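Student:
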Amino acid sequence: MPSFSIQDFMPIFPAAILAVGAMALLLSEAFLVSVPHASASRGYQAVIGVITAAFAGTVAFHNAFEDPRVVLQGFAVLDPFSSFVTVVVAVTVGLAVLLSAGFLKHRNAERGEFYALMLFAAAGMSLLALSAEFITLFVNLEVLSVATYALTAYLRRGTRPAEAGFKYFILGAFSGALLLYGAALLYGATGTTKLAGMAEVLRAASSGDKAWLVYCGMVLVATGFAFKVAAVPFHMWTPDVYEGAPTPVTALMSAGVKAAAFVALIRVFVALAPGLGPQVPFVLFGGLALLTMVAGNLMALPQRNVKRMLAYSSVAHAGYVLLGVTALFAPAAGTEGHGMGVLSASPLLGQVPASAHADIYKAILFYLLGYAVTTIGSFGVLAALERREDETRGTTWDLDRFAGLAHSKPGWAIAMAACMLSLGGIPPTVGFMGKLLVFRAAVDAGLLGLAIVGVLTSAAAAYYYLRVVVYMFMRNAAEGAAVPERHWQTDVALAVATAGVILLGILPGPVTAWLTQATMLALR
Amino acid sequence: MIDCSDFQSFGQYFSTHGFTDTVTCFVQNPPFNTANIGNSLWMIIALPILGAFFCGVFGKFMGRSNTHLIASASVFGSFLLSVMVFWAVNPSSTVAPNPFGSTLRYAVGADYGTWFQAGDFRVNFGLLADHLSASMLMVITGVGFLIHLYSTSYMSHDKAYWRYFAYLNLFVAMMLTLVLADSLVLLFVGWEGVGMCSYLLIGFWYDDPAKAFAGRKAFITNRIGDFGFLVACFLLVLTMGAFTLQAKNNNFPGDGTGSSQVFKAGLSAKGPLSFAAIDAFTRALPSKADSNQVTLSTVIDNGPLKGFAYGAMVTVILLCFLLGAAGKSAQFPLYVWLPDAMAGPTPVSALIHAATMVTAGIYLFCRLSYLVVLSPTAMAVIAVTGGITALLAALIAFAQDDIKKILAYSTVSQLGFMFMAIGAGAFWAAFLHVVTHAFFKACLFLGAGSVMHGNAEETNIKKLGGLSKEMPVTWATFLISTLAITGMVPLSGFFSKDAILHALHTTTLEGYEHILHWVWYVGLATAACTAFYMMRLYVLTFHGTRAPDAKVPHAHESDWQMTLPLVVLAMLAIAAVAHGIPVMENANREGPLQTVMENYLHPVFQNAMRSIEATGFVTVEHEEGLPWGAWGMAWAIALAGGGLSIVLYRFVFKRDGQWSGPAEFIRSLAQHKFYVDELYELLVIRPVKFVSFIFFKIVDSLLIDTVAVRGTAWVTAQTGAALRYLQSGDAQSYAAIMTLGLMCALFYALFKVL
Amino acid sequence: MSAEFVLFWVFAIATAMSALGVIVTKNPIASAMSLVATFFFLAGIYVLLWAHTVAVLQVMVYAGAIMVLFLFVIMLLSLGEDTSMTKFSPTRIIGGVATAGLLAALVLAFRKLPEASTGWAASVDQLKAFGTLSQLGDVLYKQWLFPFEAVSLLLLVAIVGAVVVAKPRI
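Chains as they are written, first to last, in our numbering: chain X, 20 to 543; chain W, 8 to 761; chain B, 47 to 216.
#1: Evaluate the contact criterion for the segment 391 to 406 of chain W versus the segment 176 to 194 of chain W: three or more CB pairs, one atom per stretch, below 8 angstroms.
#2: Return the first residue and the last residue of the alpha helix (DSSP H) that ALA534(W) is part of.
#3: Start and end of the alpha helix (DSSP H) containing PRO479(W)?
#4: Measuring straight from C-alpha to C-alpha, what distance separates LEU245(W) and ILE307(W)?
#5: List, in chain order, every chain X residue whose beta-carbon is nearer than 7 angstroms to that of LYS257(B).
#6: Can you find the residues in the same chain that come closer than 7 angstroms, C-beta to C-beta, to LEU45(X), ignoring five residues on each side of it along the sequence?
#7: Taking Cβ-Cβ distances shorter than 9 angstroms, what residues in chain W pair up with THR84(B)?
#8: Out of ASN462(W), THR602(W) and ALA387(W), which has the shortest C-alpha to C-alpha gap to LYS558(W)?
#9: HIS440(W) and LYS335(W) - do their beta-carbons sit closer together than 9 angstroms?
#10: With 16 other CB atoms within 10 Å as the buried threshold, where does GLY305(X) fall?
#11: Step through the CB atoms of chain B and report whether any lies within less than 9 angstroms of the CB of GLN739(W).
#12: With the cut-off set at 9 angstroms, would you say ALA367(W) and GLY393(W) are in Cβ contact?
#13: Going by the DSSP bridge assignment, what does GLN601(W) pair with across the sheet?
#14: Between ASP419(X) and VAL340(X), what straight-line distance do the alpha-carbon atoms span, to the nearest angstrom?
#15: Contact criterion: CB-CB distance below 9 angstroms. Does GLY113(X) meet it with respect to chain W?
#16: Tell me, to the nearest whole angstrom, how far the beta carbon of VAL186(W) is from that of ILE147(W); I am working on the premise that it is less than 8 angstroms.
#17: Enumerate, from N- to C-terminal direction, the unbroken alpha helix (DSSP H) stretches of 4 or more residues contained entirely within the segment 387 to 468 of chain X.
#18: Check distances from the C-beta atoms of the segment 189 to 209 of chain B to those of chain W and list, in chain order, the residues that come in under 8 angstroms.
#19: Report yes or no: is there a C-beta of chain W within less than 9 angstroms of the C-beta of SER194(X)?
#20: Drop a sphere of 10 angstroms on the beta-carbon of HIS138(W), count the other beta-carbons inside from all chains shown, and report buried for 16 or more, exposed for fewer.
#21: Does MET541(W) come within less than 9 angstroms of chain X when only Cβ atoms are used?
#22: Apart from the five residues on each side of it in sequence, which residues of its chain come closer than 8 angstroms, Cβ to Cβ, to ALA109(B)?
#23: What did DSSP end up calling VAL496(W) once you bin it into helix, strand or coil?
#24: Tell me whether the beta-carbon of THR71(X) lies closer than 9 angstroms to the beta-carbon of ALA43(X).
#25: Please say whether ALA415(W) and MET459(W) have beta carbons closer to each other than 9 angstroms?
#26: In the structure shown, what three-state DSSP assignment does PHE697(W) receive?
#27: So which residues on chain W does VAL61(B) lean against when the C-beta distance must stay under 7 angstroms?
#28: Please report the distance separating the alpha-carbon of VAL344(X) from that of ALA292(X).
#29: Could you tell me which residues DSSP pairs with THR626(W) in its beta bridges?
#30: Please report the distance separating the alpha-carbon of LEU368(X) from that of SER281(W).
#31: Taking Cβ-Cβ distances shorter than 9 angstroms, what residues in chain W pair up with ILE140(B)?
#32: Take ALA142(X) and list the residues in its own chain whose beta-carbon comes closer than 6 angstroms to its own, dropping the five residues that flank it on each side.
#33: Given this structure, state the Cα-to-Cα distance separating TYR187(X) from GLN268(W), to the nearest angstrom.
#34: According to DSSP, is ASP347(W) helix, strand or coil?
#35: I'd like the span of the alpha helix (DSSP H) that includes PHE26(W), first residue to last.
#36: Kindly list the residues whose CB is nearer than 8 angstroms to the CB of MET63(B), restricted to its own chain and excluding five residues on each side of it in sequence; keep chain order.
In structure tokens, the structure reads:
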């Protein structure tokens with residue numbers, strides 16, 4: 020007779036809080052109908068959303084200091100990874116809700132459902148990050164996917180959002196089916212859907228008679244995740260969907276979805292890899308990382324449409340995280356497939372780092388945090404600059420919209436500049452620290468070649484990021500360019516994001532120190 | 008030693024003990040708890056940063072007086088906190104934590120945790136104030152506040168006042184960071200920060216291309232120095248990394264303060280670039296008791312520096328630091344930027360280019376005193392560099408007519424004196440000169456600013472004259488400062504300069520027995536020159552008759568915001584004499600009486616002195632009693648130089664008198680700064696330009712621009728366009744490509760299992 | 047060769063053929079009806095696996111309720127025949143080749159499977175109890191509580207999403 024204690028439910032508290040907040044927002048619409056000026060009295064909805072996110076984030080933060088353990092009979096885990104991602108997701112969704120407030124008000128489209136769906140998506144992300152069983156994992160992935168499908172198609176002016184939403188839905192369903200099929204094959208090979216059980220079976224009968232089945236399943240599951248994190252060549256939906264979705268939703272997708280999906284991916288493959296022999300995951304993710312870093316940056320280069328450029332940049336950043344993931348599966352020195360022993364960097368103080376894996380986890384998680392803060396900030400400025408009048412002309416996100424921003428809106432220009440520097444990996448921003456940690460981890464794992472590709476591509480990427488900065492600070496605005504209106508919610512969100520970008524860049528110490536400690540604890 | 012245990016209040020103790028004892032006990036008993044002062048150190052930096060933020064962002068809207076108030080108040084707040092820190096570090100019960108063994112006495116500090124970390128290389132964010140830092144704090148915030156006050160009047164007609172005060176506040180914050188840093192990394196942040204603020208302020212009136220160019224010149228020259236600084240840091244990390252693996256337990260003192268485990272633990276806690284780490288490293292090196300120990304002559308046996316001796320590495324590191332310090336502190340051959348830096352507003356010249364920033368190089372060497380004394384070679388090079396700089400700058404100053412240029416060259420020359428002292432291992436003398444020089448040179452610059460302010464921005468001393476009656480306050484303070492810098496007896500400059508000369512005279516470096524002696528002669532000559540050109544400046548500006556081609560017929564005295572700082576600084580220039588008189592018992596319980604400054608800085612330099620005893624690289628002859636002979640000679644030299652100048656310029660030449668014959672040749676040589684700038688142009692800039700032109704044509708235009716940049720850009724753009732073609736917007740084709748990718752992955756995976 | 051074996055192959059082939067029919071036929075009604083057939087045959091396979099309850103639910107919920115909804119939508123929108131399906135484009139060829147390759151790889155993988163790969167022999171009593179409602183409830187509410195609750199969240203989100211997307215212009 021299984022019994023659950025309150026300890027079992029601790030990890031899902033943040034998600035539950037988010038879901039309850041979402042339901043409260045849904046109900047708020049029902050009560051608003053009787054209010055005469057309903058549209059004018061919706062200001063509190065964003066506040067409810069932010070408070071819910073803050074509450075959930077606080078609880079997740081509290082969870083982060085719990086001892087790592089398996090809960091709910093092996094269906095979920097409470098560990099620093101899931102808690103950390105939940106905190107990131109809570110921060111992301113809180114800022115995205117703030118951004119939406121001004122954005123929607125400007126379009127007279129503020130509704131409780133929108134915020135509710137955002138919170139539901141966040142709940143899905145949080146649950147995805149802690150799932151330790153394939154069916155749970157799939158269901159939670161669908162929770163966040165369905166919510167984002169609906170959010171993408173939320174604004175229906177012109178064909179763009181509807182088309183984006185539908186495209187995302189069709190391709191998402193396709194990739195979801197692939198993931199589910201892969202999971203079914205793995206179940207067929209191991210007789211269980213729990214990751215821990217699978218790992219046990221695979222270790223016991225490694226390279227046994229079901230290896231074909233296992234490898235097929237693994238590739239299919241990897242494909243499903245690669246779609247979610249937008250890795251080349253499974254990224255094709257990204258620019259269209261990111262461009263078509265309301266900009267705050269794009270921010271949520273590129274920050275939160277990616278972070279949660281990466282943690283789920285790592286959880287699945289770290290559990291399965293020991294039974295597989297590391298070469299296949301290594302080559303699989305190495306190839307994905309290489310393609311993603313190169314193609315993502317190359318495609319972003321010619322973009323004049325800043326929103327599409329940021330979409331491709333999001334693809335490219337997935338590549339850098341994948342570089343970290345690859346480092347997790349890098350063959351140890353001396354084994355087959357290593358072959359870079361001579362070129363691998365000599366540690367600065369003469370000792371080989373004892374905790375290479377902890378360093379890699381730390382790098383990945385820090386990168387995800389940094390990218391989330393940065394991307395919220397950059398899409399936030401983009402959202403603030405959008406005007407409905409431009410939508411029909413198709414110049415909403417053109418680079419020219421940024422010309423002279425430093426004069427008309429210096430605060431926004433500084434926020435955008437900080438975010439662009441961060442995305443380009445230029446100090447003193449969090450993007451630089453993130454890249455430094457990831458590249459360092461990759462070099463320590465012996466992935467010198469991939470790390471060099473990473474450095475080169477991020478150097479090339481500086482071109483298109485800095486171009487935005489040049490437009491903002493060195494070009495004059497076109498004659499008669501309208502000044503966008505501002506909302507305090509947007510300003511607060513941008514201030515928080517910019518402060519995060521710079522503070523985490525200058526003083527990453529507390530976060531990295533905590534991550535080191537927590538990952539060491541979890542890996543023990 | 009004085010027993011302060013029954014000290015209750017000033018008056019009560021004074022009635023039973025003497026005045027000196029009472030004062031001593033008063034400063035050793037701060038009326039507040041000193042334990043937690045370290046945790047508040049960050050506020051000293053945060054205040055001016057806040058001020059800079061408010062002035063920079065809101066200054067335009069707040070109006071002039073509010074901006075003045077915020078800028079001055081933030082620095083004054085820092086000053087008050089600095090006083091507290093200065094007081095707190097006096098009792099010996101004040102200690103700062105030190106992960107390398109026993110705690111640091113006479114210091115407060117705080118560690119704010121990991122700043123950044125890459126693998127095993129870790130840098131902690133920490134602040135530390137000991138006697139050296141605390142004295143610098145007083146100078147920076149004290150003089151800084153006076154100059155802010157002065158600026159409120161001086162910049163009263165400038166439209167961009169808010170920009171000015173934001174920069175000035177930021178500079179103060181950066182300089183405070185520099186002196187409070189407990190690691191070379193944070194020090195470098197301040198180092199770069201003051202460089203940046205200096206660049207911004209030199210080019211403050213950037214509308215004038217010459218001024219903008221001067222800013223750039225300062226910036227680029229400093230970059231050369233910074234390169235040296237960074238190389239030194241990298242080498243230091245590598246050397247210490249090698250030492251960590253090679254060191255044995257018997258390298259460390261046996262009194263329980265260190266072992267190789269403690270050292271490694273300390274390194275991983277604070278990082279190899281913290282001063283505590285360098286201190287522990289240098290304490291472990293020179294012990295020679297046991298032949299198994301790692302000493303300066305031991306060869307490094309691991310890492311990239313394998314094959315070099317530790318001593319050689321220390322020398323190389325110090326020479327790289329010297330390059331960095333020469334850039335920041337305007338030493339030969341990198342001094343050329345400082346005279347041009349006079350393009351900035353005059354208060355800036357007083358604060359940055361006389362009192363504080365340019366002394367950063369001296370501060371760095373004082374901070375690293377324990378490292379400096381490990382290499383007599385480096386010390387000799389430092390002393391010789393200082394000597395060359397001092398004499399060269401003094402000679403150039405002879406023939407300059409611009410009041411600020413003369414003061415600039417005089418600053419370069421005085422900084423040369425300080426480097427000489429460092430080279431002789433007399434760190435306290437160097438620092439004493441830093442302090443006294445800060446007072447009288449800031450006063451001189453501000454006086455010059457006052458003169459310019461009252462004379463329609465006239466800077467040519469030949470077009471001034473006779474100001475003593477029209478600007479009485481400026482005149483009186485300028486006279487006091489001039490006498491101080493020339494080295495007249497009752498003033499501070501005499502004692503600080505004499506301390507340096509005395510140290511040069513009595514010190515011998517192992518392996519370089521006569522170098523310091525020659526530098527001593529150079530120093531004496533420079534002292535005479537200093538007296539000469541300073542009196543020339545003073546006489547031509549303030550005495551005689553007013554020049555017929557003056558811009559305004561009558562000068563006017565400046566208002567109180569400008570004269571008050573002058574008076575305070577002039578008084579300080581007199582009062583600082585208290586630091587330089589040898590009245591204190593020797594901290595080592597033997598040897599002659601010490602000056603107040605030497606005694607006060609003893610906790611900072613005691614490790615360096617211990618190393619000197621261990622290595623024997625530096626020997627100092629102690630004399631019994633006070634050095635009356637040396638004092639007399641120094642005074643005579645100053646009197647002779649100054650007197651000659653007065654006679655020549657007051658009675659012989661008058662204003663338009665000209666030199667003739669060979670003297671004219673020397674004068675013109677000096678007037679053209681010995682053609683050093685032209686020499687640079689010919690030897691460095693032209694060849695570099697020529698080579699760079701060739702490279703530009705071949706490498707840049709052809710290879711990089713055409714092939715690499717355009718080629719890469721073309722290929723990249725084409726690839727991007729091709730990839731974009733795939734991005735058709737058609738969901739089916741997206742799915743097709745996904746399937747294709749999936750198929751490839753699947754085939755690869757199955758191929759691996761086959 | 048038991049009856050079970052024969053029935054399995056009948057159902058399996060029929061499921062696959064009718065599933066193909068869903069995507070091959072051009073008439074939406076015919077496509078929907080093929081889907082109904084797929085669900086029915088799938089239910090047959092469930093029965094063979096002793097999962098009676100699931101089989102019944104499959105028929106009632108999917109073949110019944112959901113398909114009726116599908117047909118309503120199709121008829122209300124009165125979709126005509128779409129002719130664009132016949133065109134050939136490079137991406138379609140790529141897609142076809144890739145799908146064929148994928149299929150080949152999967153077939154290869156399955157052919158490599160040993161004959162009696164599943165070793166979960168169960169007694170008849172166990173099998174009888176396996177698909178019953180009580181057993182199902184036991185499994186759902188005791189062991190699979192977390193995914194079950196997650197599904198409820200998923201359904202809620204799906205409903206809200208559908209309502210939002212279906213709302214008049216926002």
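Every residue gets a Cβ at the ideal spot worked out from N, C-alpha and C, and that includes glycine.
Since we're looking at a predicted model, the values are computed, not measured.
Tutor: The relevant details are as follows:
#1: no
#2: 522 to 549
#3: From DSSP, the alpha helix (DSSP H) with PRO479(W) extends over 479 to 493.
#4: 10 angstroms
#5: Given that chain B is displayed from residue 47 to residue 216, the structure contains no residue 257(B) and the question cannot be resolved.
#6: GLY131, GLU132 and ALA135
#7: Per Cβ cutoff of 9 angstroms: no residues; THR84(B) is ~21 angstroms from chain W at best.
#8: ASN462(W)
#9: no
#10: buried
#11: yes
#12: no
#13: The partner list for GLN601(W) (beta bridge, DSSP) reads MET591(W).
#14: 31 angstroms
#15: no
#16: 7 angstroms
#17: The qualifying runs are 407 to 410, 424 to 427, 429 to 443 and 449 to 463.
#18: none
#19: At least one chain W Cβ lies under 9 angstroms of SER194(X).
#20: buried
#21: no
#22: VAL82, PHE85, PHE86 and ALA89
#23: coil
#24: yes
#25: no
#26: helix
#27: A small correction: the amino acid at residue 61(B) is Thr; Val does not occupy that position in the sequence shown. Those within 7 angstroms of THR61(B) in chain W number zero; the least Cβ separation is about 22 angstroms.
#28: 12 angstroms
#29: THR515(W)
#30: Reliability fails at LEU368(X), whose pLDDT of 31 lies under 50, so the model's placement of it is uncertain and no value is given.
#31: SER740, ALA743, ILE744, THR746 and LEU747
#32: ALA34, LEU37 and ALA38
#33: 58 angstroms
#34: helix
#35: 26 to 35
#36: Nothing listed; no residue qualifies.
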